[in-house]
Structures are given as C-alpha cells and as structure tokens.
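Novice:
Numbering (the working numbering), first residue to last: 303 to 975.
#1: State the Cα-Cα distance for the pair residue 451 and residue 739, rounded to the nearest angstrom.
#2: Between residue 831 and residue 968, is the Cβ-Cβ spacing less than 8 Å?
#3: Can you name the start and end residues of the beta strand (DSSP E) that residue 946 belongs to?
#4: In this structure, what does DSSP give as the bridge partners for residue 454?
#5: Mapping the DSSP letters down to three states, classify residue 675 as helix, strand or coil.
#6: Rank 896, 873, 894 and 911 by C-alpha distance to the C-alpha of residue 904 and give the top, closest one.
#7: Only counting runs of 3 or more residues, tell me where the beta strand (DSSP E) segments fall wholly within the stretch 790–841, in order along the chain.
#8: How about residue 470 and residue 380: are their beta carbons less than 8 Å apart?
#9: For the beta strand (DSSP E) containing residue 768, list its first residue and its last residue.
#10: Here's the rule: buried if 16 or more other CB atoms are within 10 angstroms of the residue's CB, otherwise exposed. What is residue 827?
#11: Cα separation between residue 582 and residue 958?
#12: Which same chain residues, not among the five before or five after residue 603, have their C-beta less than 8 Å away from its C-beta?
#13: Can you tell me which residues form a DSSP beta bridge with residue 444?
#14: Keeping to the same chain, check which residues put their C-beta closer than 6 Å to that of residue 963; ignore five residues upstream and five downstream.
#15: Closest to residue 484 by C-alpha separation, out of 722, 646, 661 and 758, would be which residue?
#16: Going straight from the alpha carbon of residue 584 to that of residue 728, what length do you get?
#17: How many Å lie between residue 425 and residue 562 at the Cα?
#18: Is the distance from the Cβ of residue 665 to the Cβ of residue 466 below 8 Å?
#19: Using 8 Å as the Cβ pair cut-off and three pairs as the minimum, do the stretch 669–685 and the stretch 640–657 touch?
#20: Between residue 803 and residue 697, is the Cβ-Cβ spacing less than 8 Å?
#21: Quick check on DSSP: helix, strand or coil for residue 726?
#22: What whole-angstrom Cβ distance do residue 404 and residue 792 have, given they're in contact under 8 Å?
#23: Thinking just about the alpha-carbon of each residue, which of 411, 658 and 474 is nearest to the one in residue 434?
#24: What is the DSSP secondary structure of residue 617, counted as helix, strand or coil?
#25: I need the DSSP call for residue 251, collapsed to helix, strand or coil.
#26: Taking the continuous beta strand (DSSP E) assigned at residue 853, which residues delimit it?
#27: Decide if residue 858 is buried, meaning its Cβ has at least 16 other Cβ atoms within 10 Å, or exposed.
#28: Could you round the C-beta distance between residue 691 and residue 676 to whole angstroms and report it? I think they count as a contact, below 8 Å.
#29: Bridge partners of residue 631, per DSSP?
#30: Can the beta-carbon of residue 529 be found closer than 8 Å to that of residue 782?
#31: What are the residues that DSSP puts in a beta bridge with residue 699?
#32: Tell whether a beta-carbon distance below 8 Å holds between residue 420 and residue 634.
#33: Can you tell me the Cα-Cα spacing of residue 897 and residue 789, whole angstroms?
#34: Could you tell me how far apart the beta carbons of residue 398 and residue 558 are, in whole angstroms, since I believe they sit closer than 8 Å?
#35: How long is the line joining the alpha carbons of residue 564 and residue 809, rounded to whole angstroms?
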C-alpha cells in the first residue's frame with residue numbers, strides 16, 4: 303500500500319487522532335515504539351519521527367481505520383466558546399502575507415446548517431470597520447486563547463456592523479476526513495489506451511454507464527446538449543443549498559470570481575451562467591499562474607489567500623478565498639462550499655490580494671493568482687478541501703482570428719478546467735470574447751469558425767460555426783449555442799464513460815461583407831419529367847447589395863416515383879438534419895457530432911419516398927422494403943429500431959449562406975408498357 307493511502311499517513315498528516323481511537327492510538331503508539339526500537343538497534347542512531355511513522359504503517363494497517371475525528375489539541379470545540387471571549391483572525395488584506403484582526407464572540411447559533419453550528423463574532427480592524435462583511439475572507443481562521451475555533455464564512459447583506467459567522471473547525475475537519483475516489487484527476491495523466499475494436503470494425507458498445515454523473519452533470523439527451531439549459535439544471539439543484547431566502551439576509555460570505563480579459567457581453571454571460579451556482583463574477587482583472595511570478599510563495603499557509611482557477615491565460619476566472627488550516631499536503635478553506643459539487647478536480651493557486659473594496663451590499667477582495675499549486679478535490683457544506691500535491695486536469699485552447707487587418711491581438715491562448723459544466727461555459731466565453739474584442743466593427747460581416755476538438759482515445763473532430771449580419775458586432779452570445787460548445791457538453795456529459803478533452807483549436811475567418819443570398823423564388827423548368835430523369839429547378843437568389851441571380855440545380859428523382867407528384871422542399875443546408883441513429887457509446891457519439899447537418903453554405907432539396915427508414919444501434923437504413931419494420935421489431939423486447947419516413951436529401955453547394963425556404967412540385971410520368 304502506498305504510504306499516502308495508509309491510515310498512519312492520515313493520522314500524521316492531519317495532526318489529530320481518531321474519535322474512537324483511544325485503544326487504536328495506543329496500539330499505534332506501541333507499534334511505532336516497537337518499530338523505533340528495532341530501527342535504533344539496527345541503525346545505532348536516532349531516527350526521525352516521519353520515518354518511524356512510515357515504518358509502523360504496515361503494523362498499524364491491521365489495527366483498524368479511523369471512522370470519526372476528535373478535536374485536535376490546538377483547536378477549541380464549540381462547547382468551550384463563550385460570549386465575550388476575545389481573540390484574533392488571520393487574513394490577507396494586501397499582498398500575500400496574512401495579518402491579524404481582532405474578534406469578539408457574540409454567541410453561537412445551534413444547528414445553523416444541517417448538523418453544523420455557527421459562531422457569531424464581531425471583527426475589529428481599520429479596514430473592516432469600513433468594509434464590514436467581506437467576500438473573499440471566507441476561510442480566514444479565527445483563534446481564541448491561541449486555539450483555532452473555525453473559519454470566517456457568513457455575513458449579513460447590507461449589514462451596518464462588522465459581524466460575521468464562523469464555521470466550526472470540527473465541521474471543516476470532518477470534510478477533510480471524507481474518503482475520496484482512488485483517482486480524482488484521471489484525465490490529467492496523458493492519453494488513455496486505445497479502445498478495443500469489435501468484430502467487423504464496428505465501434506465498441508458500453509454495456510452500462512461507467513459511473514454516475516457528478517453534481518454538475520447534464521440531464522438530458524446526450525445529442526441535444528444546451529449550455530443555458532445545463533446552467534438552469536445546476537441552479538435548481540445547488541441554489542437552495544447555497545443561499546437562504548433574501549429576506550433572511552444571512553448568507554455565505556460568497557466567493558468572488560475575478561474575471562480578467564473579458565468584455566461586456568462575456569461578463570454578462572459569466573454572470574448568467576455562474577451566478578446561479580453561488581459565485582459572484584466581477585470584472586477585476588486577473589493575473590495568470592501559467593507563469594509563476596518571481597518571489598511568489600511556494601506553499602499555502604493558514605490565513606493565506608487561495609484561488610480556484612476556472613480558466614487562465616489571456617482570459618482568466620478565479621474564485622478567491624482564504625486558507626483555514628493546512629494539514630500536511632491537504633488543507634481546508636472557505637468555511638462554506640464553493641459550488642457544493644462534492645468530489646471535484648479544479649486547479650488551485652496561491653493568490654495575491656490587491657485591495658478590499660468596500661460596498662454597502664457586501665465588500666469583496668480583489669486579487670489574482672501568482673503561482674499554481676494543487677487541486678480542489680472536495681467541495682462540501684463546511685469547507686473546500688485542497689490537495690496541494692495533486693494536479694488538476696486542464697486542456698489548452700488556442701483561438702486564431704484571421705481577416706482583421708491590423709488587429710493587435712489576433713491569437714489567444716488559455717487553459718480551461720476540465721469540468722462537465724465549466725469547460726463548455728468558458729470555451730464559449732473564450733471564443734466569443736476573442737472574436738468580439740478583435741472584430742468590434744459595426745458593419746457588414748461574415749464569419750466562419752472551424753474548431754478542432756481533440757478527444758482522448760477517439761481522435762480529432764472538426765466542427766464548423768458561422769454567421770453573417772450587419773450593425774451588431776460578433777459577440778460571445780453567438781458561441782453559447784455553437785456546435786463546438788454543444789459537442790463538448792455532449793462528450794463531457796455522456797452516460798457511458800469519462801472522456802478527456804485534450805485540446806481545442808479554433809480558427810475564425812472574418813470577411814467584412816455579408817455573404818448571404820435570399821431565396822426570392824424557385825421554379826421547376828419542366829413541370830413533367832420522365833421516370834428516372836432529374837428535376838431541373840431555377841433558384842432566384844438575391845445577394846446583399848446586388849442584382850438578382852439565377853441558378854439552375856438538378857435534383858435526381860428515382861424511377862420508382864413514376865406516376866406520382868413529388869413535392870421538393872428547398873432549405874438552407876444548416877437547417878437540414880441528416881437522419882442519425884441515437885448513439886449507444888462514445889465512439890458513435892464522436893462519429894455523429896460533426897455530421898449532424900449538411901454544408902452550411904448549401905441548399906438542400908428534400909423529398910419523401912413511399913417507404914420507411916430505420917436507425918438502430920448506430921446504423922441507419924435510409925430505405926426499407928415493405929414489411930421490413932415488422933420483421934425488425936422484436937415481439938418480446940422493447941429495444942426496437944427507430945422508424946422514420948424515408949426521404950432523399952440532395953445538397954447543392956452555393957458558397958454562400960442561404961436565407962429562406964421554398965417548395966416546388968414536379969410530376970413524374972408513368973411508365974407505359
């Protein structure tokens with residue numbers, strides 16, 4: 303068993319003993335003492351305690367595992383906290399070094415949260431007299447008689463006094479003791495082994511979901527992912543747990559999210575998507591820990607500033623708070639949840655505080671990341687838990703803007719946290735923000751964005767997004783519903799297995815012209831055609847600021863439609879979906895995502911056939927003979943093919959985006975025998 307997974311390591315690194323561990327502690331002590339004697343006799347010298355603990359692990363493993371935690375000797379239980387007691391807290395007011403502020407106990411609210419008390423305190427410090435309750439001070443450790451009682455974590459909205467609520471340290475240490483999955487960040491360790499091909503070259507089909515989705519998973523059809531819908535689902539789940547009704551006023555000291563490099567539209571989208579999760583997005587600038595600052599601290603300390611990095615680089619988003627207690631490689635912070643998502647894997651960083659901005663509603667710290675260290679591994683009611691030795695999975699993203707002459711910053715590079723909800727959110731903001739900042743022109747514009755999405759084990763898929771218009775600059779709104787965002791959301795929230803997004807590269811080509819044609823009308827050149835002959839259709843196309851153009855297209859009509867009238871619908875390629883089977887595994891999903899619709903710069907002629915088609919287990923039969931569905935539909939099982947009306951789709955490239963639809967009819971002469 304690795305040392306870090308052993309019970310002895312947990313006891314040593316946490317610096318406290320199990321609750322029912324009086325007999326266990328005694329046995330562990332005797333085991334350590336025996337190991338010490340053996341080592342001293344063998345080595346003939348004094349042995350460091352860390353080696354003694356490690357040497358005793360194999361003995362102690364068989365003695366039992368801690369189930370609950372007692373109060374460590376350097377902490378004070380709530381039962382000993384009395385009104386009027388005075389002490390101090392630690393937090394960073396400026397820079398990276400914690401400073402003291404005075405506190406006085408008011409009282410204790412019993413059972414404030416489920417199985418959790420809250421200690422009310424007055425805070426005294428020149429800055430706090432002005433700022434009162436401060437978002438970003440969440441986690442600041444509070445001490446009485448030299449012992450830690452808990453973390454500054456709650457306050458009153460619009461409070462006129464500097465009064466805060468303290469989460470007891472016992473509740474936070476209980477969160478630290480929670481077990482975690484063996485691998486909390488499997489996506490960050492390089493490529494996974496290639497999937498095993500099944501007989502006949504068909505993609506492998508998963509028998510069941512690999513695991514239940516976490517607290518931020520999307521509930522819905524995997525091929526119909528919607529980012530705004532995902533945000534609403536999360537808000538419905540977590541908002542009641544994160545914030546009480548407005549009338550009570552008492553709320554978490556909140557987690558301000560420092561946003562850097564974002565424009566107005568992206569800021570609004572960040573507020574819409576992240577606000578319901580209990581976060582407070584605010585434009586405050588932000589550094590990036592991708593290149594640590596010289597002289598920046600290398601490890602966390604009690605009372606130091608800590609950031610949770612959601613995205614970093616040319617744009618940044620970091621939730622800021624305070625470290626409560628460092629225990630070996632682990633620490634607890636915030637004194638309340640960040641997003642209440644349970645087991646997580648988000649990058650963390652040592653942060654610098656620039657200033658505490660006072661506000662009548664709630665003041666907040668302004669800060670930035672200075673060095674990336676560790677991973678948020680658990681996000682719970684009483685605390686977030688960070689492992690400073692773990693490395694969270696992130697993926698790089700590059701956005702290149704072409705066609706904007708003289709643009710000072712056409713290339714953007716960011717790293718995005720690998721999270722089911724946050725990754726699609728910040729990909730949409732990153733692309734939209736880069737394009738908005740680079741192409742802020744109120745004139746005719748057409749854009750085409752080609753995104754290469756590299757998926758671990760499954761290769762790279764190419765996704766095309768586009769648009770055209772005038773008078774309104776391209777913005778982040780255009781990418782919230784983009785194909786690349788929907789594809790990423792579908793992959794990260796699939797029900798079969800964990801998927802690794804390894805990188806995203808997006809190239810946006812911009813032209814300052816409206817490359818759009820309006821379909822003014824359509825006419826069949828021969829109202830009657832022979833069986834097997836194509837229907838010739840003239841399209842009248844109105845380009846932007848130009849004369850009407852005529853274009854003749856040919857649509858093949860099969861001989862079997864002889865003696866019937868065929869209605870041909872003409873539609874833009876981006877509005878016509880191809881018949882697709884519901885995916886049954888990730889391989890089928892990856893194959894489906896880039897092929898759901900036709901070339902967006904085409905017109906698609908569609909007409910119905912007499913037969914039915916069917917889709918089943920990743921395969922599509924566009925036409926079936928009469929009676930075939932009855933044969934394929936099992937009488938003793940519900941797993942049946944999906945039937946649809948058979949149709950023919952004929953795409954014709956236009957090299958421009960079509961607007962409008964029309965329908966024409968042609969009669970196919972009967973075959974005379």
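Ideal Cβ positions, reconstructed from N, Cα and C, are used throughout, including at glycine.
If you're wondering where the values come from, they're calculated on a predicted model, not measured in any experiment.
Specialist: This is what the structure holds:
#1: Cα atoms of residue 451 and residue 739: separation of roughly 48 Å, rounded to the nearest angstrom.
#2: Yes, these two residues count as a Cβ contact at 8 Å.
#3: For residue 946, the enclosing beta strand (DSSP E) begins and ends at 944–955.
#4: According to DSSP, which records beta bridges pairwise, residue 454 is partnered with 468.
#5: The three-state secondary structure of residue 675, taken from DSSP, is strand.
#6: 873 is the residue among 896, 873, 894 and 911 whose C-alpha sits nearest the C-alpha of residue 904.
#7: Taking only runs of at least 3 residues, the beta strand (DSSP E) segments lying wholly in the stretch 790–841 are 803–813 and 818–826.
#8: Cβ distance < 8 Å, so residue 470 and residue 380 count as in contact.
#9: Residue 768 -> beta strand (DSSP E) spans 761–771.
#10: Residue 827 comes out exposed.
#11: Straight-line Cα distance between these residues: approximately 42 Å.
#12: Excluding positions up to five away in sequence, the list reads 400, 625 and 628.
#13: Residue pairing of residue 444 in beta bridges, as defined by DSSP: 391 and 452.
#14: 873.
#15: Out of 722, 646, 661 and 758, 646 has the C-alpha closest to the C-alpha of residue 484.
#16: Cα to Cα, residue 584 sits roughly 15 Å from residue 728.
#17: A straight line joining the alpha-carbon of residue 425 with that of residue 562 spans about 31 Å.
#18: No, the pair does not count as a contact, with Cβ atoms beyond the cut-off.
#19: Three or more Cβ pairs closer than 8 Å define a contact, and the stretch 669–685 meets that threshold against the stretch 640–657.
#20: Note that the C-beta distance between residue 803 and residue 697 is below 8 Å.
#21: Helix, per DSSP.
#22: Residue 404 to residue 792, Cβ: 53 Å. No contact.
#23: Closest by alpha carbon: 658.
#24: Coil at residue 617, not helix or strand.
#25: Missing from the structure shown is residue 251; the chain here goes from 303 to 975 and no further.
#26: Taken as a continuous stretch (DSSP letters only), the beta strand (DSSP E) holding residue 853 covers 851–857.
#27: Exposed: under 16 other Cβ atoms inside 10 Å.
#28: That pair is a contact at about 7 Å.
#29: Residue pairing by DSSP places residue 631 opposite no residue, since no beta bridge is assigned to it.
#30: Yes, they are a contact pair.
#31: Note: residue 699 sits in a beta bridge opposite 716 and 806.
#32: In this structure, residue 420 lies away from residue 634, with their beta-carbon atoms at least 8 Å apart.
#33: Straight-line measurement puts the Cα of residue 789 at about 11 Å from the Cα of residue 897.
#34: Between residue 558 and residue 398 the Cβ distance is about 17 Å, and since that is not below 8 Å, they are no contact.
#35: Rounded to whole angstroms, residue 564 to residue 809 spans 19 Å at the Cα level.
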